[in-house]
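A.B. asks: Here our numbering = 1-based position in the sequence shown + 10.
For each residue, glycine too, the CB sits at the ideal point set by N, CA and C.
Because the structure is a prediction, the values reported are computed rather than measured.
Got a structure here, written out as C-alpha cells. Questions coming.
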Amino acid sequence: MFEGFKCNNFSLTSRDYFKLNNSYLWSILIRIIRQQNLHVEMFKVAAHTDCDGNSYVDRLAKSAHIDQDRFINFIDTAPDIKVLPLWNNIIIETHLRKFIKTVSHIKGLEKFINLHRNTKYRKLEVDWTSTFECLNCDIANHETSMSSSKVKAHKVHLLIEEIPTIEQMKKSFLELYDGWKCPSCGLEDETFDHVWTCDEHRSLLLKIKNNTIDLLLSLLFEYNPDITDYSALLTLNIWTISTDLDNFTFVDLIKGFIPLELTQILNLWIPRKQLMLVIIEIRQYIYEQTFKEIWIRRCSFIKEFERSLGITKKKKLTLKNFRPFNNILNSDRELEYKFDALDSIRNNIYFGKNIIEFYSNLTS
Numbered sequence: 011m012f013e014g015f016k017c018n019n020f021s022l023t024s025r026d027y028f029k030l031n032n033s034y035l036w037s038i039l040i041r042i043i044r045q046q047n048l049h050v051e052m053f054k055v056a057a058h059t060d061c062d063g064n065s066y067v068d069r070l071a072k073s074a075h076i077d078q079d080r081f082i083n084f085i086d087t088a089p090d091i092k093v094l095p096l097w098n099n100i101i102i103e104t105h106l107r108k109f110i111k112t113v114s115h116i117k118g119l120e121k122f123i124n125l126h127r128n129t130k131y132r133k134l135e136v137d138w139t140s141t142f143e144c145l146n147c148d149i150a151n152h153e154t155s156m157s158s159s160k161v162k163a164h165k166v167h168l169l170i171e172e173i174p175t176i177e178q179m180k181k182s183f184l185e186l187y188d189g190w191k192c193p194s195c196g197l198e199d200e201t202f203d204h205v206w207t208c209d210e211h212r213s214l215l216l217k218i219k220n221n222t223i224d225l226l227l228s229l230l231f232e233y234n235p236d237i238t239d240y241s242a243l244l245t246l247n248i249w250t251i252s253t254d255l256d257n258f259t260f261v262d263l264i265k266g267f268i269p270l271e272l273t274q275i276l277n278l279w280i281p282r283k284q285l286m287l288v289i290i291e292i293r294q295y296i297y298e299q300t301f302k303e304i305w306i307r308r309c310s311f312i313k314e315f316e317r318s319l320g321i322t323k324k325k326k327l328t329l330k331n332f333r334p335f336n337n338i339l340n341s342d343r344e345l346e347y348k349f350d351a352l353d354s355i356r357n358n359i360y361f362g363k364n365i366i367e368f369y370s371n372l373t374s
C-alpha cells in the first residue's frame with residue numbers, strides 16, 4: 011500500500027483516504043513526508059528482535075500509549091481530509107463505505123432480535139454466527155441459484171415464524187379461513203408452534219429427533235472416536251419436543267436457532283472448523299426431514315381440501331382482507347430486554363470484539 015502511495019507522489023483525495031483503514035493516521039504520515047520532503051523506504055523487521063531501531067520505536071509507542079497528556083488532533087493534523095466522519099462521537103477509522111454497510115446490517119439484525127416473537131432469544135444464549143452460517147450454507151457468495159434461493163427463503167420464514175399456517179393466512183384472508191382449525195388434528199388453532207407439536211405429528215417428529223441424535227453421534231465419532239461420554243450432549247433440553255419460553259427445545263432447532271450451549275459442548279470435542287460442518291449438516295437434516303415428512307404432507311392435504319371446496323387462487327384474491335386482522339399480540343407493547351444501542355459496534359471499535367458474537371447473550 012505504501013509503495014502505491016509513493017508511486018503517486020503521495021497524492022490522495024479525501025475519497026481515497028476514506029477507502030483506507032486508519033485513514034487519519036495515513037493522512038498525518040503523508041503530510042509529514044511532504045512537509046519534510048522525506049525519502050522513505052520500507053523495511054520489514056521481525057517482531058521481538060534486538061534491532062535498535064525497532065526497540066526504540068517500540069518504546070516510543072508504549073510511552074505514548076500510557077501518556078494521558080498526548081493526543082492527536084485529527085482536524086489540525088490531517089488537513090487533506092476535509093470532513094471528519096464520526097459515529098456516536100467516535101472517529102470512523104475503517105473503510106467508510108464498509109462501515110456504513112456494517113451499521114446498516116447490524117441495525118437490521120437488532121430490529122429482528124427486538125421483534126416481540128423473539129423475546130425468548132433475547133433472554134437465552136443463541137449462537138448467532140452458527141445460526142446465520144446454517145441459513146446461508148446453500149448459496150455460495152459468488153453464485154445465484156433459484157433452488158437455493160427458495161430453500162433460503164423458506165428457512166428465513168421458519169426463522170421468523172411466518173410459514174403459511176392457518177393462523178398466518180387469517181391475517182390476509184380472514185373471510186375465508188375464519189373458524190378453520192389445524193388440518194391434521196382438527197382441534198387446535200394451527201399456529202407455528204402447533205404445526206410441530208400437534209399430536210398427529212408427534213410420532214414423525216420423535217423419529218426425526220432420534221435420527222438427528224444418531225446422525226450427530228456418528229459425525230462426532232467420525233471426527234473424534236475417543237469420546238466416551240455423551241451425557242452432556244444427550245441431556246440438553248433441545249431434544250424435548252415441546253414449546254418452552256425459558257429453554258431451547260427441538261422446535262427451536264426446526265426454526266433454525268442454534269443454542270450457544272450446544273456449540274460450546276461440541277467445541278470441547280472437535281475444532282471449530284469441524285464443529286461448523288457438523289452443525290450445518292445437522293441443521294440441514296432437520297430442515298429436510300421436517301419439510302418433507304410434515305410440512306409438504308400438510309400443504310398437500312390443504313390444497314386438496316381447498317380444491318374440494320372450490321377455493322382457487324383467484325377466489326382468494328377476491329376475499330382478501332380489507333380490514334386489519336386483530337392479532338392478540340400488540341407489536342407496540344413494551345419489550346423486555348430490548349436492544350437498540352448498537353453497543354456491538356462500539357465494542358468492536360474499542361476492544362476488537364466480534365460484532366455478531368456480541369449478541370449471543372444480550373442479558374449478560
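Where does residue 338 sit, in a helix, a strand or coil, going by DSSP?
C.D. replies: Model confidence at residue 338 stands at a pLDDT of 48, short of 50, so the residue's coordinates are unreliable; what they give is reported in the following sentence. Three-state DSSP puts residue 338 in coil, outside helix and strand.
A.B. asks: Can you check DSSP and say which residues form a bridge with residue 100?
C.D. replies: Its beta-bridge partners are 97.
A.B. asks: What are the partner residues of residue 136, as DSSP defines its beta bridges?
C.D. replies: Residue 136 is bridged to 269.
A.B. asks: Since residue 363 is in the alpha helix (DSSP H), which residue starts that stretch and which ends it?
C.D. replies: From DSSP, residue 363 is part of no alpha helix (DSSP H); its letter is neither H nor E.
A.B. asks: Report the three-state DSSP secondary structure of residue 163 (helix, strand or coil).
C.D. replies: It is helical.
A.B. asks: Over what stretch of residues does the alpha helix (DSSP H) that includes residue 47 continue unbroken?
C.D. replies: Unbroken run through residue 47: none, as it is neither H nor E.
A.B. asks: Drop a sphere of 10 angstroms on the beta-carbon of residue 165, count the other beta-carbons inside from all chains shown, and report buried for 16 or more, exposed for fewer.
C.D. replies: Label assigned to residue 165: buried.
A.B. asks: Beta-carbon within less than 7 Å of residue 234's beta-carbon, same chain only, minus the 5 sequence neighbours each way: which residues are those?
C.D. replies: Within the same chain, residue 234 has close Cβ partners 279, 280.
A.B. asks: Rounded to a whole number of angstroms, what is the C-alpha to C-alpha distance between residue 340 and residue 289?
C.D. replies: In this predicted model, residue 340 has a pLDDT of only 47, less than 50, meaning its place in the structure is not dependable; the value taken from the coordinates is given anyway. Distance between the alpha carbons of residue 340 and residue 289 is about 35 Å.
A.B. asks: Determine the DSSP secondary structure at residue 112, reduced to helix, strand or coil.
C.D. replies: It is helical.
A.B. asks: For residue 24, which residues in the same chain have their Cβ closer than 6 Å to its Cβ, ignoring the five residues on either side in sequence?
C.D. replies: 91, 92.
A.B. asks: Per DSSP, what kind of secondary structure is residue 118 in: helix, strand or coil?
C.D. replies: Looking at residue 118 - three-state DSSP - the assignment turns out to be helix.
A.B. asks: Could you give the DSSP three-state label for residue 51: helix, strand or coil?
C.D. replies: Residue 51 falls in the coil class under three-state DSSP.
A.B. asks: Straight-line CA distance for residue 322 to residue 193?
C.D. replies: C-alpha separation (whole angstroms): 18 Å.
A.B. asks: Apart from the five residues on each side of it in sequence, which residues of its chain come closer than 7 Å, Cβ to Cβ, to residue 137?
C.D. replies: Closer than 7 Å at Cβ, skipping near neighbours: 268, 269, 270, 273, 370.
A.B. asks: Looking only at its chain, what residues have a beta carbon closer than 6 Å to the beta carbon of residue 220, apart from the 5 residues adjacent to it on each side?
C.D. replies: Closer than 6 Å at Cβ, skipping near neighbours: no residue.
A.B. asks: Report the three-state DSSP secondary structure of residue 286 (helix, strand or coil).
C.D. replies: Residue state, collapsed to three classes: helix.
A.B. asks: DSSP on residue 191, reduced to helix/strand/coil?
C.D. replies: In this structure, residue 191 counts as coil in the three-state DSSP scheme.
A.B. asks: For residue 116 versus residue 365, is the C-beta distance shorter than 8 Å?
C.D. replies: A contact, by the Cβ cut-off of 8 Å.
A.B. asks: Residue 120 to residue 325, Cα distance in whole Å?
C.D. replies: Taking the straight line from one Cα to the other gives about 38 Å.
A.B. asks: Are the stretch 209-217 and the stretch 225-232 touching, with three or more C-beta to C-beta distances below 8 Å?
C.D. replies: No, they do not touch.
A.B. asks: On a CA-only basis, which of 287, 306, 125, 97 is nearest residue 206? Give me that one, please.
C.D. replies: Checked all of 287, 306, 125, 97; the closest Cα to residue 206 is 306.
A.B. asks: Under a three-way DSSP split, which group does residue 23 fall into?
C.D. replies: Three-state result, residue 23: coil.
A.B. asks: Quick check: the Cα distance between residue 301 and residue 284, rounded to an integer number of angstroms?
C.D. replies: Roughly 26 Å between the two C-alpha positions.
A.B. asks: Taking the CB atoms as reference points, tell me whether residue 296 and residue 218 lie closer together than 8 Å.
C.D. replies: A contact, by the Cβ cut-off of 8 Å.
A.B. asks: Which residues in the same chain have their Cβ closer than 6 Å to the Cβ of residue 70, if we skip the five residues on either side of it in sequence?
C.D. replies: Cβ within range, chain order: n/a, list empty.
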